[in-house]
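Chemist: Quick one: structure below, then a few questions.
Numbering (the numbering used here), first residue to last: 66 to 434.
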């Protein structure tokens, strides 16, 4: 039997569907797993119709998904089925070579940084947050402490460790950019200081485009300091579109209001450039499609790229049983958002580094075309 090849248009629909439903996989299925920890969590990486994406596999929804992947062959090829019917071939990439290395003091490189998507290296510099331990203030979807508790990472990655791993990932696996995020360590610089220190060390070791991600610092002078340290792009993540949903889902983070984020975006865009400041928006937390699109319109006008991804419930969090958005809901957001980005000539392919450039957690980039 000849297994059909998935084209670009069918691939776009499938990616949107897969990221909403999740994917059932067997114990033998390969690929790069992201279970627990800072996002994307409970995912595996697959390549479908030429696009490398992160798909939920460890969620309760994925266990009941109509999509199933067969065990891959020696080349990582797997048959994708929906309700038992063959759709085509997908691929699970092999683990990157840098995962096999360790630091001089015995820490595996994969505990310091992980490959996301096709060629993006990512790390959470501080695997802790001042809000995480108290559910009255924590983001209800957050699992930043889970991978630390499971000994899959370390609490703090030093600048020297990050530089060492980044250099190896570029040389061994062709990594093209890196994301540095952090739990919020304080309410003053909100992580900008540790990100600047890390970025400076990495850029001294290897020529690798970097995105840094934190909440808006009180002093907007940090944006220039981060740029001077070697950051190419900046992520400040609203997570939800409306203040009401933010206060319900992320009570601590919501104390930094949408308006304060907008002020921070307006300060950051002239420093990093149009389209080089991004914000992550989780669709499915309670905002309507109209709410998300209205916010996106304001962001695009400021020169900020709104990276909209489907919310994925993570086991062990207060929202573990919260339903992910339907594929139809995602299409109702992504299709008009793709048109808005095209009309504004703001493309993910122009982002120098970060989640928007990687694009693996959303099918948004395919709607830009």
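Here a beta-carbon is modelled for each residue, glycine too, at the ideal position from N, C-alpha and C.
1. Is the beta carbon of residue 297 closer than 8 Å to that of residue 274?
2. Kindly confirm or deny that the region 219 to 229 and the region 177 to 190 touch, where touching means at least three C-beta pairs closer than 8 Å.
3. Among 345, 433, 386, which residue has its Cα nearest to the Cα of residue 426?
4. What separation, rounded to the nearest whole angstrom, lies between the Cα atoms of residue 66 and residue 410?
5. What residue ranges within the region 319 to 386 form continuous beta strand (DSSP E) runs of no fewer than 3 residues, ordered along the chain?
6. Identify whether residue 150 lies in helix, strand or coil by the three-state DSSP scheme.
7. Taking the runs of the beta strand (DSSP E) that are 3 residues or longer, which of them lie wholly in the region 201 to 257?
8. Which value, in whole angstroms, describes the spacing of the CA atoms of residue 165 and residue 174?
9. Based on Cα-Cα distance, which residue from 321, 301, 299 lies nearest to residue 309?
10. Residue 295 lies in the alpha helix (DSSP H); which residues open and close that run?
11. Identify the continuous alpha helix (DSSP H) that holds residue 116 and give its terminal residues.
12. How would you label residue 151, buried or exposed, when you count the other beta carbons within 10 angstroms and need 16 or more for buried?
13. Applying the 10 Å Cβ sphere with the 16-neighbour rule, what's the burial state of residue 239?
14. Does DSSP classify residue 157 as helix, strand or coil?
15. With 16 as the cutoff for other CB atoms within 10 Å, does residue 253 come out buried or exposed?
16. Please classify residue 167 as buried or exposed, where buried requires at least 16 other C-beta atoms within 10 Å of its C-beta.
17. Between which two residues does the beta strand (DSSP E) holding residue 134 run?
18. Run the CB neighbour count on residue 84, radius 10 Å, all protein chains shown included, and call it buried at 16 or more, exposed below.
19. Let's see if you can read the secondary structure: which residues bound the alpha helix (DSSP H) around residue 392?
20. Pairs of beta-carbons, one from the region 376 to 387 and one from the region 401 to 419, closer than 8 Å: are there three or more?
21. Under 8 Å by Cβ, that's how I've got residue 422 and residue 242 pegged, so tell me the actual separation to the nearest angstrom.
22. Quick one: Cα of residue 136 to Cα of residue 332, how far?
23. Spatial neighbours of residue 292 within its chain, please: C-beta separation below 7 Å, excluding the five flanking residues on both sides.
24. To the nearest angstrom, report how far apart residue 340 and residue 361 are at their CA atoms.
25. Buried or exposed for residue 435, going by 16 or more other Cβ atoms inside 10 Å?
26. Identify the continuous beta strand (DSSP E) that holds residue 88 and give its terminal residues.
27. Are there 16 or more other CB atoms within 10 angstroms of the CB of residue 107, so buried, or fewer, so exposed?
28. Less than 6 Å between C-beta atoms, sequence neighbours within five positions excluded: which residues of the same chain meet that for residue 392?
29. Let me check one thing: in DSSP terms, what residues is residue 277 bridge-paired to?
30. Which residues bound the beta strand (DSSP E) around residue 187?
31. If we count Cβ pairs, one from each stretch, closer than 8 Å, do we get three or more for the region 345 to 355 versus the region 382 to 398?
Modeler: Per the coordinate set shown:
1. With contacts defined as CB atoms closer than 8 Å, residue 274 and residue 297 qualify as a contacting pair.
2. yes
3. Residue 345 is the option with its Cα nearest to residue 426.
4. Its pLDDT being 38, under 50, residue 66 is placed unreliably in this model, and the coordinates cannot settle the point.
5. 342 to 348, 369 to 375
6. Strand, per DSSP.
7. 242 to 246
8. Approximately 7 Å between the Cα atoms of the pair.
9. Of the listed residues, the one whose Cα sits closest to residue 309 is 321.
10. Here residue 295 belongs to no alpha helix (DSSP H), and DSSP marks it neither H nor E.
11. It is not in any alpha helix (DSSP H) - residue 116 instead sits in the beta strand (DSSP E) that spans 116 to 121.
12. Answer is exposed; the Cβ neighbour count stays below 16.
13. Counting Cβ neighbours within 10 Å, residue 239 comes out exposed, since fewer than 16 surround it.
14. coil
15. exposed
16. exposed
17. 132 to 134
18. Per the 10 Å Cβ criterion, buried.
19. Here the alpha helix (DSSP H) through residue 392 covers 392 to 408.
20. These segments do not touch.
21. 6 Å
22. 49 Å
23. 336, 337
24. 13 Å
25. What is shown of the chain runs 66 to 434, which leaves residue 435 out entirely.
26. Where residue 88 is concerned, there is no enclosing beta strand (DSSP E), given that its DSSP letter is neither H nor E.
27. buried
28. 81, 82, 85
29. DSSP lists 245, 299 as partners of residue 277.
30. 185 to 189
31. yes
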